[in-house]
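Numbering (the UniProt record's numbering), first residue to last: 1 to 382. We put the CB at the ideal spot given by N, CA and C, even for glycine.
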C-alpha cells in the first residue's frame, strides 16, 4: 500500500521509525517495562489500590507495546510501510497525554474534596483525607510523648515502662482507622479529645461542579483525539479533506488539553493557600505533572502545523530528520514517561487522599439523624 499522497497531510509526530529510532525506542520500552511491577504492586496492595489512576496504569503498559513496535520497525525496513501501524502510532501519541491529564484532574478532585470533609461525612466517604491522617499522626506523637513523661515520673504501671501498655493513653482518642491507616470517624483529637474538623459542604459542592465540567471537557478532548487518529489513515491515502480534518481535530484536542492542564495547575498551586487542609506537597506534585504534560501539548502544537506528502519524506518539517526525532523523544516521550512514573510511584491514597475509588459521588450521602440527647457541638472547629 502506498504511503505517498497527492494531497498534503499533517507530518507524523515522531516520524516513521528508522535506524535512528531503534536505541531510544528500546530505551523507553525498557523503562516502561520496569514500571510494570510497580503498577501491578500498586493495584494489588490494599493500601495503595485505586481506580483513579487506572487509565495511567494501562497507558504505561500500552507504551511498552508502542515502543517495542517502533523498535521492530526501526530494525526491519519491510515493517515500516505499514499504514495501519503508523495510524496506531499517531492515534496513541495524540491521546496519551490527554488521558493522563484526565486522571490528574480526577486526582485533584479527590484531593480537594477530601480536604473539605468533616463531621460525620468523614465516615460516609471512601476518601482518605490527608489532613485527618496528619492529625492522627500528631495525636499519636503527643500521646506517646505524654506516656513517656508519665513513665519517667514512675507514675505508670510497670508494664507501660516495658512498652506493653502502649494502647493505654491519658485521654480517649476517637479515631476510626481503616485498612489504609486513614481516620474515618467524625472526631479527631489534636491535643485533646474535643477538636473536630468542620464539614465544608458548600465548598465541596462548588469543587465538584467545576471539576466535573473539567472532567467532561477532558473526555471531549479524548474523543476528538480518537476521531483524528482514526482519520489519519485516510489522510495518508490522500483522501480529499482528510488531512485538514485531522489537523483541525488535533489542534482542538491539544489546545483544549493545554488550557485544562494550566487551569488544573493554577488550582493546585493556590489550593493550599485557600484551603489550608490541602497538603502543599500533594498540590505541588500535581503542578509538576501538569507542567510536564503541558510540555507535550506545546510540542505537539508546534509539530502538527507541518505537512508532508509522504510519511517517508526527509524534507524539513517531515519529522523524519535526526533533529526532529531527537525533539520527539525529549519533548514528547520523556515528559510522558516522567509524569506517568510520578503518578504510578506515589501512593495516591496516601498522598492525594483518593481512597480506592476517588470522588465519584455527584453529591454527599444523607446524614443520619444524631441520637436524641447527643451534643451537637463536639468542641472547637478546626
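{"Asked": "Where residue 114 falls: helix, strand or coil (DSSP)", "Found": "helix"}
{"Asked": "Whole-angstrom distance between residue 218 and residue 224, CA atom to CA atom", "Found": "10 Å"}
{"Asked": "Residue nearest to residue 75 in terms of C-alpha spacing, selected from 284, 17, 290 and 363", "Found": "17"}
{"Asked": "Backbone CA spacing between residue 366 and residue 320 [nearest angstrom]", "Found": "59 Å"}
{"Asked": "Under 8 Å between C-beta atoms of residue 64 and residue 348", "Found": "no"}
{"Asked": "Residues near residue 215 by beta carbon distance below 8 Å, same chain, minus five either side", "Found": "102, 105, 106 and 109"}
{"Asked": "Own chain, CB closer than 6 Å to residue 13, minus 5 neighbours either side, in chain order", "Found": "93 and 303"}
{"Asked": "Assigned secondary structure, residue 17 (DSSP; H/G/I helix, E/B strand, else coil)", "Found": "coil"}
{"Asked": "Helix, strand or coil at residue 310 [DSSP, three-state]", "Found": "strand"}
{"Asked": "As assigned by DSSP and simplified to three states, the class of residue 106", "Found": "helix"}
{"Asked": "Residue 347, enclosing alpha helix (DSSP H) - first and last residue", "Found": "That residue, residue 347, is in no alpha helix (DSSP H); it is neither H nor E in DSSP."}
{"Asked": "Proximity test, residue 307 beta-carbon vs the ligand ATP heavy atom, cut-off 7 Å", "Found": "Summarising the ligand content, the structure contains no ligands, and the ligand ATP is consequently not present."}
{"Asked": "Cβ-based burial, residue 57 [other Cβ within 10 Å; buried from 16]", "Found": "buried"}
{"Asked": "6 Å Cβ shell around residue 329 - same chain, five flanking residues per side excluded", "Found": "24"}
{"Asked": "Residue 231 - DSSP class collapsed to helix/strand/coil", "Found": "helix"}
{"Asked": "DSSP-derived helix/strand/coil call for residue 82", "Found": "coil"}
{"Asked": "Validate contact between the region 293 to 310 and the region 255 to 267 using beta carbons, cut 8 Å, 3 pairs", "Found": "yes"}
{"Asked": "Local Cβ density within 10 Å of residue 179, reported as buried at 16 or more and exposed below that", "Found": "Note that residue 179 has pLDDT 40, beneath the 50 cutoff, so the model's placement of it is unreliable and the number below is only indicative. Per the 10 Å Cβ criterion, exposed."}
{"Asked": "Contact set for residue 200: own chain, Cβ-Cβ below 6 Å, skip 5 residues either direction", "Found": "116"}
{"Asked": "Burial state of residue 9, where buried means 16 or more other Cβ atoms lie within 10 Å", "Found": "buried"}
{"Asked": "Cα-Cα separation, residue 204 to residue 113", "Found": "6 Å"}
{"Asked": "Cβ neighbours of residue 389 in the same chain (closer than 8 Å, five flanking residues each side left out)", "Found": "The displayed coordinates of the chain run from 1 to 382. Any statement about residue 389 would go beyond what the structure contains."}
{"Asked": "Neighbourhood of residue 332 by C-beta, 6 Å cutoff - its chain only, sequence neighbours within 5 removed", "Found": "296 and 299"}
{"Asked": "Per-residue DSSP class, three states only, for residue 352", "Found": "coil"}
{"Asked": "Three-state class that DSSP yields for residue 316 in the structure shown", "Found": "coil"}
{"Asked": "Residue burial classification, residue 362 (beta-carbon count within 10 angstroms, cutoff 16)", "Found": "exposed"}
{"Asked": "Beta-carbon proximity list for residue 168, same chain, < 6 Å, skipping 5 on both sides", "Found": "The predicted model places residue 168 with a pLDDT of 40, which falls under 50 and marks its position as unreliable; any figure quoted below should be read in that light. Nothing listed; no residue qualifies."}
{"Asked": "Pairwise C-alpha distance: residue 51 and residue 323", "Found": "39 Å"}
{"Asked": "Beta-bridge partners of residue 218, as assigned by DSSP", "Found": "DSSP output for residue 218 lists no bridge partner at all."}
{"Asked": "Distance, residue 100 Cα to residue 339 Cα", "Found": "8 Å"}
{"Asked": "Cβ distance (whole Å) where residue 265 is taken to contact residue 287 below 8 Å", "Found": "5 Å"}
{"Asked": "Buried or exposed by the 16-neighbour rule on C-beta atoms within 10 Å, applied to residue 273", "Found": "exposed"}
{"Asked": "Residue of 129, 230, 84 and 7 minimising C-alpha distance to residue 279", "Found": "129"}
{"Asked": "Contact under 8 Å by Cβ, residue 42 with residue 344", "Found": "yes"}
{"Asked": "Beta-carbon contacts of residue 351 that lie in its chain and below 6 Å, excluding the five residues immediately before and after", "Found": "282"}
{"Asked": "Candidates 240, 334, 48 and 207: closest to residue 268 by CA position", "Found": "207"}
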